[in-house]
Amino acid sequence: MDGTARDREDGTRGYVPIADHGLIGDMRSVALVGTDGTIDWYCCPSFDAPSVFAAILDAERGGCFELAAALPARTKQFYFPDTNVLITRFFSEDGVGEVQDFMPVAGGSAEEGRHRLIRRVLCVRGSLPFRTRVAPRFEYGARPHTLRVTGDLAVFDSRDLTLALTSTVPLEADGPDARADFKLAEGETAVFALDQIGGEVSPSRCECGEAEREFAATVAYWRRWLSSSRYRGRWREMVHRSALTLKLLTYAPTGAIVAAPTTSLPEEFGGERNWDYRYVWVRDAAFCVYALLRLGFTEEAKAFMGFVSRHISPGDGSPSGPLQIMYGIDGRTELPEREIGHLEGHRGSAPVRIGNAAADQLQLDVYGALIDSIYLYDKWAEPVSSEQWDHVTALVDWVCAHWDQPDEGIWETRGGRKNFLYSRLMCWVAIERAVRMANRRGLPADLPRWQASRDTIYRRIMSSGWSASRGAFVQHEDGDVLDAAVLMMPLSKFIAPTDPKWLSTLDSLTEDLVSDSLVYRYDPQTSPDGLNGDEGTFSICSFWYVEALTRAGRLDEASLAFEKMLTYGNHLGLYAEEISHTGEQQGNFPQAFTHLALISAAFNLDRALG
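Mapping of the sequence shown onto the working numbering: position 13 corresponds to residue 13, and the numbering continues sequentially without gaps.
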């Protein structure tokens, strides 16, 4: 890719594909860096704050931070080994240069209260001219700002946020943007640092020596963290990249884990399936806890349990029950959804949405996801406290009383409530795991009631969730539509992975929903979800499929499906939510759901292969 890959024929800016980005972050926020060296997405100071750079959602009006060789060059991008430090290399006839992008992490050498994004440019061979343009567009491109440039300092001041750009090369104003043109010879370096300032944080220059120290401290932080991994299997590089990505999606101040760091990246180009994922889905975060515990990371699980204890009270009693399906990263419950009409959306995929109306839905499966993660935390990390157990018993008592009602289900359909099998399954999980905990630790519980409810749900699924005509477990009662969510039946230990009814279901799913190892969630044509258009295959389902094949003993099929899935990752091993029929990544990026499922599939397949 050369440096003009984004430019359209009419001279306006275009888009690089969603997958042509790497991710950096500091467990407060993240930035997406394109393979051409442009930062296309950055919210400051937190995941769910308004964007500063959003060119990925509107190439003209979103704002960006360009930094690249100022002549035609091929580019390649990789992570500094075992870290979240991203390196973009430029190869030209005059030489080779690289941009090192990272955010210092609190606990490394990062100054308390300073949110800093560092871009270090090096010429490693020959000599190269470089060009940078820093063009913030505050509040999703809706808030004007003033610019003040003095030498190597530029201050961008908007009503609610002020950013300072310091540089080791002279800066100049270009309308509302700051820019610089400079040339580096072999061994020379230039540094750009972008800080949020205000309060006690003032502009602070980042000289080359300091950038070197920050780089070393950030590398050391990530390597120290990753060294706790117990995974030594065949797919170590992919599993560890997924773990590092999940860690970037944690919000350190509260222990929250976001579903993805972006909003409104389309599930179908030109379609309306564009949602804001910068929040804590109870389901996604609980599954993340499972994946990280599997690898030996307990601190993230402990932090999320703290988030649950502080912000999720079983006594809340909202219409959707004691749990909301999602929360803000600070625990807030109000996440009103609105459309940002002045942004065109990625490749014209409008609308761009902020907030998420699905927060008000009833999704009964979240109780099973949460209690399963608490069960695993109690088993693999540390025993839950008496107060946490009181919360568990309150949740289980609620599930026993309310499992038998229609809901919106795991896929957050907007086509009306149904009696979804997956919701029933996870209500069974909620009660079954709590019974295990009570028995193992002798904890107080209304076991006769819990066991009676658990057994009733089991029989209901086996009778009403089974379609004799399809020879399969189906999406919801009173229907014969297939749904990839039922792949969780053997994974959650509800049914034996070699049960004849399950093997028949697996064959039916393979025939109807699997395309070259890629798995569709369901068919929107036969199971209307209240939205227009189609979508791609769902990557978490593809990894669930690998795991279901593994547990069924079909290891050759599982290995092939897994290796095929790895070819759909981007150049860094990152995955969005979905994959289009042409193999492009679609939806918010990168997505926690996909990476946690990759970890689980790799772990179980590796163990089965021996």
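Cβ coordinates follow ideal geometry from the N, Cα and C atoms, glycine included.
Since this is a predicted model, take the numbers as computed values, not measurements.
Checklist entry - In the DSSP assignment, what are the bridge partners of Glu504? => result The residue you call residue 504 lines up with position 504 of the sequence shown. Contrary to the premise, residue 504 reads as Ser rather than Glu in this sequence. Partner(s): none; Ser504 has no beta bridge.
Item to check | Cβ contact (3+ pairs, closer than 8 Å) linking the region 535-554 and the region 476-491 | outcome: Judged by Cβ distances under 8 Å, the region 535-554 makes contact with the region 476-491, as three or more pairs qualify.
Item to check | Secondary structure of Ala597, DSSP reduced to three states | outcome: The sequence position of residue 597 within the sequence shown is 597, counting from 1. Residue state, collapsed to three classes: helix.
Checklist entry - Leaving out the 5 sequence neighbours to the left and right, which residues in its chain are closer than 6 Å to Ala142 when beta-carbon positions are compared? => result As a working mapping, residue 142 is identified with position 142 in the sequence shown. Counting only Cβ-Cβ distances below 6 Å, and skipping sequence neighbours, we find nothing.
Next on the checklist: Does Phe307 come out as helix, strand or coil in the three-state DSSP assignment?
Outcome noted: Position 307 of the sequence shown holds residue 307. Phe307: helix per DSSP, three-state reduction.
Checklist entry - How would you call Gln525, buried or exposed, if buried means at least 16 neighbouring beta carbons within 10 angstroms? => result The residue you call residue 525 lines up with position 525 of the sequence shown. The C-beta of Gln525 has fewer than 16 other C-beta atoms within 10 Å across all chains shown, which makes the residue exposed.
Checklist entry - Whole beta strand (DSSP E) runs in the region 130-186 with 3 or more residues, listed along the chain? => result As far as the region 130-186 is concerned, its whole beta strand (DSSP E) runs of at least 3 residues are 146-150, 153-157, 162-167, 172-174, 177-185.
Checklist entry - What distance in whole Å lies between the Cβ atoms of Gly25 and Leu265, which are believed to be in contact at a cut-off of 8 Å? => result Position 265 of the sequence shown, counted from the start, is the residue given in the question as residue 265. Position 25 of the sequence shown, counted from the start, is the residue given in the question as residue 25. That belief does not hold up - the Cβ atoms of Leu265 and Gly25 are roughly 17 Å apart, past 8 Å.
Checklist entry - Candidates Thr83, Ser127, Leu86, Arg116: which alpha carbon is nearest Arg93's? => result What you label residue 93 is simply residue 93 of the sequence shown in a count that begins at 1. Arg is not the amino acid found at residue 93; the sequence shown has Glu there. Ser127 is the residue among Thr83, Ser127, Leu86, Arg116 whose C-alpha sits nearest the C-alpha of Glu93.
Next on the checklist: Please identify the residue among Ala70, Leu248, Ser202, Gly113 whose C-alpha is closest to the C-alpha of Phe102.
Outcome noted: Taking the first residue of the sequence shown as 1, we reach residue 102 at position 102. Of Ala70, Leu248, Ser202, Gly113, the residue nearest in Cα terms is Leu248.
Item to check | Continuous alpha helix (DSSP H) stretch holding Lys379: start and end | outcome: Reading the sequence shown from its first residue, position 379 is the one you call residue 379. Counting along the chain, the alpha helix (DSSP H) containing Lys379 begins and ends at 365-380.
Item to check | Coil, strand or helix - Ser492 by DSSP | outcome: Taking the sequence shown and counting its residues from 1, the one referred to as residue 492 is at position 492. Of the three classes helix, strand and coil, the one that applies to Ser492 here is coil, per DSSP.
Item to check | Supposed close pair Phe80, Val219 - CB separation, criterion 8 Å | outcome: Translated into positions along the sequence shown, residue 80 becomes position 80. Translated into positions along the sequence shown, residue 219 becomes position 219. About 6 Å; that satisfies the 8 Å criterion.
Checklist entry - By how many angstroms is the C-alpha of Phe192 removed from the C-alpha of Pro170? => result Residue numbering aside, residue 170 sits at position 170 when the sequence shown is read from its first letter. Residue numbering aside, residue 192 sits at position 192 when the sequence shown is read from its first letter. So the alpha carbons of these two residues sit roughly 11 Å apart.
Checklist entry - Where do the N-terminal and C-terminal ends of the alpha helix (DSSP H) with Phe562 fall, by residue? => result Here the question's residue 562 lines up with position 562 in the sequence shown. Secondary structure note for Phe562: its alpha helix (DSSP H) is the uninterrupted segment 555-567.
Next on the checklist: By alpha-carbon positions, which one of Pro253, Ala608, Ile599, Leu605 ends up nearest to Leu292?
Outcome noted: As a working mapping, residue 292 is identified with position 292 in the sequence shown. Taking only the C-alpha atoms, the option nearest Leu292 is Ile599.
Item to check | Endpoints, the alpha helix (DSSP H) within which Leu343 is located | outcome: Translated into the one-based positions of the sequence shown, residue 343 becomes position 343. No alpha helix (DSSP H) holds Leu343; DSSP gives it neither H nor E.
Item to check | Inter-residue CB distance, Cys123 and Glu200 (contact presumed, cutoff 8 Å) | outcome: For the purposes of this step, residue 123 is identified with residue 123 of the sequence shown, where counting begins at 1. For the purposes of this step, residue 200 is identified with residue 200 of the sequence shown, where counting begins at 1. About 36 Å separates the two Cβ atoms, so there is no contact after all.
Item to check | Neighbourhood of Ser158 by C-beta distance below 6 Å, restricted to the same chain and skipping five residues each side | outcome: Along the sequence shown, read from residue 1 onward, the residue named residue 158 stands at position 158. Closer than 6 Å at Cβ, skipping near neighbours: Phe138, Arg143, His145.
Checklist entry - Alpha carbon to alpha carbon, how far is Thr132 from Ala68? => result In the sequence shown, residue 132 corresponds to position 132, counting from 1. In the sequence shown, residue 68 corresponds to position 68, counting from 1. When the Cα atoms are used, Thr132 and Ala68 turn out to be separated by approximately 7 Å.
Item to check | CB-CB length for His476 against Leu421, believed under 8 Å | outcome: Here residue 476 refers to the residue found at position 476 of the sequence shown. Here residue 421 refers to the residue found at position 421 of the sequence shown. Indeed, because the Cβ distance is near 6 Å, the residues count as touching under 8 Å.
Checklist entry - Out of Thr510, Gly328, Ser508, Gly569, which has the shortest C-alpha to C-alpha gap to Ser539? => result Residue mapping note: residue 539 aligns to position 539 of the sequence shown, counting from 1. Ser539 has its Cα closest to that of Gly569, out of Thr510, Gly328, Ser508, Gly569.
Checklist entry - Which residues mark the beginning and the end of the alpha helix (DSSP H) in which Arg241 is found? => result Taking the first residue of the sequence shown as 1, we reach residue 241 at position 241. DSSP places Arg241 inside the alpha helix (DSSP H), whose first and last residues are 236-248.
Item to check | Cβ-Cβ distance between Gln585 and Ala576 below 7 Å | outcome: Here residue 585 refers to the residue found at position 585 of the sequence shown. Here residue 576 refers to the residue found at position 576 of the sequence shown. In this structure, Gln585 lies near Ala576, with their beta-carbon atoms less than 7 Å apart.
Checklist entry - So Thr612 and Glu578 are in contact, right, with Cβ under 8 Å, and what is the actual spacing, rounded? => result Only positions 1 to 610 of the chain appear in this structure, which leaves residue 612 out of reach.
Next on the checklist: Helix, strand or coil, according to DSSP, for Asp606 in the structure here?
Outcome noted: By 1-based counting over the sequence shown, the position of residue 606 is 606. Reduced to three states, the DSSP call for Asp606 is helix.
Next on the checklist: Tell me which residues share the same chain as Trp389 and place their Cβ nearer than 6 Å to its Cβ, disregarding the 5 neighbours each side in the sequence.
Outcome noted: Counting from 1 along the sequence shown, the entry for residue 389 is found at position 389. For Trp389, same chain residues with a beta-carbon under 6 Å away, outside a window of 5 residues either side, are Leu443 in chain order.
Checklist entry - With Asp480 and Ser467 assumed to form a contact (beta carbons below 8 Å), what rounded beta-carbon distance in angstroms separates them? => result To locate residue 480, count along the sequence shown from 1; it is residue 480. To locate residue 467, count along the sequence shown from 1; it is residue 467. About 5 Å separates the CB atoms of Asp480 and Ser467; that is less than 8 Å, so the two are in contact.
Checklist entry - Which residues share a DSSP beta bridge with Trp466? => result On the sequence shown, position 466 is the one that residue 466 refers to. Bridge pairing for Trp466: Phe473 [DSSP].
Checklist entry - Whole beta strand (DSSP E) runs in the region 36-77 with 3 or more residues, listed along the chain? => result Complete beta strand (DSSP E) runs here, min 3: 39-43, 51-53, 64-69.
Next on the checklist: What would DSSP say about Asp276, mapped onto helix, strand or coil?
Outcome noted: Reading the sequence shown from its first residue, position 276 is the one you call residue 276. In the structure shown, Asp276 falls within a strand segment according to DSSP collapsed to helix, strand and coil.
Checklist entry - What does Arg294 pair with, by DSSP beta-bridge criteria? => result Here residue 294 is taken as the residue at index 294 of the sequence shown, counted from 1. Beta-bridge partners assigned by DSSP to Arg294: none are found.
Next on the checklist: With three or more beta-carbon pairs closer than 8 Å as the criterion, would you say the region 283-290 touches the region 252-266?
Outcome noted: Taking a cut-off of 8 Å for Cβ pairs, the region 283-290 and the region 252-266 touch, as three or more such pairs fall below it.
Checklist entry - For the alpha helix (DSSP H) that contains Asp397, what are its first and last residues? => result Against the sequence shown, residue 397 aligns to sequence position 397. Residues 386-402.
Checklist entry - Is it buried or exposed for Ser29, if we count other Cβ within 10 angstroms and need 16 for buried? => result The count along the sequence shown starts at 1 and reaches residue 29 at position 29. Counting the other Cβ atoms within 10 Å of the Cβ of Ser29 gives 16 or more, which makes it buried.
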